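Asker: Per our numbering, residue 16 is the first one in the sequence shown, and the count goes up by one each step. The C-beta atom is built at its ideal place from N, Cα and C for all residues, glycine as well. Since the structure is predicted, the reported quantities are computational estimates derived from the model, not experimental observations. Before I ask anything, here is the structure I am working with.
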Amino acid sequence: MLIVGILGVIIIYGGFLYLLFSGRSTAALPWFLLLSPWICVYFGLTHVQQVAVIQWLTHKFSFKKSTK
16 MLIVGILGVI
26 IIYGGFLYLL
36 FSGRSTAALP
46 WFLLLSPWIC
56 VYFGLTHVQQ
66 VAVIQWLTHK
76 FSFKKSTK
């Protein structure tokens, strides 16, 4: 699953960037097309790595105000 996800990221993002930089419209591409290979990558990780990814995401995207 991890290899499929990595290949998906390379192929889908490569095609997306090709369309973007060649001046063609990317409006026909649904947003979930860009997220789907990352789901394969996530489920290809071990359980410990999956938990670490979730912790990193919650730490990265938590918007707590710092008190100084």
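#1: Below 6 Å CB to CB, which residues in the same chain sit around Ala-16 once its five sequence neighbours on both sides are set aside?
#2: Check the C-beta distance from Thr-41 over to Leu-35 and give it rounded, since I have them as a contact under 8 Å.
#3: Can the beta-carbon of Pro-52 be found less than 9 Å from the beta-carbon of Ile-27?
#4: Closer than 6 Å by C-beta to Lys-79: which residues in its own chain qualify, once you throw out the five before and the five after it? Chain order, please.
Answerer: Reading off the structure:
#1: Inspection of the sequence shows that residue 16 is occupied by Met rather than by Ala. Closer than 6 Å at the Cβ level, and outside the excluded window around Met-16, lie Cys-55, Phe-58 and Gly-59.
#2: 6 Å
#3: yes
#4: none
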